[in-house]
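To start, the structure under review is shown below, and the notes come after it.
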Amino acid sequence: MAITLMNPDGLPQIDVYRQVAVASGGRMVFVAGQVAWDADHATVGQGDLAAQVEQCYLNVAAALAGAGGSFDDVARLTVYVVDWTPDKMPLLLDGIARAAAKLGVTPVPPATLIGVAALDVPEHLVEIEATAVLD
């Protein structure tokens with residue numbers, strides 16, 4: 004595996020992500036921001052943040068698989084959420100858990116969550132981009 008995830012001493016131990024990813028592989032994969040579109044370009048989970056987070060993670064996984072990788076290779080995630088407030092955290096976590104169960108993974112690479120005013124179209128509530136490193 005090209006990625007080692009860790010929480011070094013002196014930093015908070017966060018359940019949903021690790022503070023540091025150390026990459027030892029040679030091929031970098033940059034996944035464009037994935038929104039809650041299915042393969043037919045239809046929005047999944049309109050108005051449902053958890054469903055959209057789940058679909059975004061599934062789309063990231065599909066993109067990684069297309070490059071020969073998986074969530075085990077992800078060094079960093081950036082999550083953009085429309086009108087973010089902390090009370091939306093349970094919905095975000097539910098969507099991640101649902102995707103993790105479907106994918107059979109625990110996606111905990113370093114992550115940044117950024118609240119935004121809007122995304123590409125009004126029905127999209129979340130967008131997730133990934134950087135991965137493959138052996």
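For the sequence shown, the positions run 4 to 138 when the numbering used here is used.
Using N, Cα and C, we set each Cβ at its ideal position, and we do this for glycine too.
Treat the numbers as computed from the prediction; the structure is a model and nothing was measured.
Backbone CA spacing between residue i and residue j [nearest angstrom]
i	j	result
Met92	Pro125	20 Å
Ala102	Cys59	9 Å
Pro11	Asp43	42 Å
Asp97	Gly29	33 Å
Ile17	Ala45	34 Å
Trp40	Val47	6 Å
Tyr20	Met9	9 Å
Best match in the options for proximity to residue i [C-alpha to C-alpha]
i	options	result
Ala121	Val129, Asp97, Ala114	Val129
Ile117	Leu106, Ala5, Gly36, Ala26	Gly36
Ala26	Val85, Ala68, Pro113	Pro113
Gly107	Leu137, Gly13, Ser73	Ser73
Val136	Asp90, Ala68, Ala104	Ala68
Leu95	Val56, Asp75, His127	Val56
Ile99	Leu61, Leu14, Gln22	Leu61
Residue range of the unbroken alpha helix (DSSP H) whose run includes residue i
i	result
Ile131	Not the alpha helix (DSSP H): Ile131 falls in the beta strand (DSSP E), residues 129–137.
Leu14	First-last for Leu14: undefined, no H or E at that position.
Val77	It is not in any alpha helix (DSSP H) - Val77 instead sits in the beta strand (DSSP E) that spans 77–85.
Val111	Note, Val111: premise wrong, no alpha helix (DSSP H); not H, not E.
Boundaries (first-last residue) of the beta strand (DSSP E) holding residue i
i	result
Leu8	6–9
Ala114	114–119
DSSP bridge partner residues for residue i (one or two, in chain order)
i	result
Arg30	Leu137
Val47	Answer is none; Val47 lacks a bridge partner.
Integer-rounded CB distance, given that residue j should sit under 8 Å from residue i
i	j	result
Val63	Asp123	Incorrect: roughly 16 Å between the Cβ atoms, too far for contact.
Any non-hydrogen atom of the ligand HEM within 6 Å of residue i CB
i	result
Gly48	No copy of the ligand HEM occurs in the structure displayed, which carries no ligand at all.
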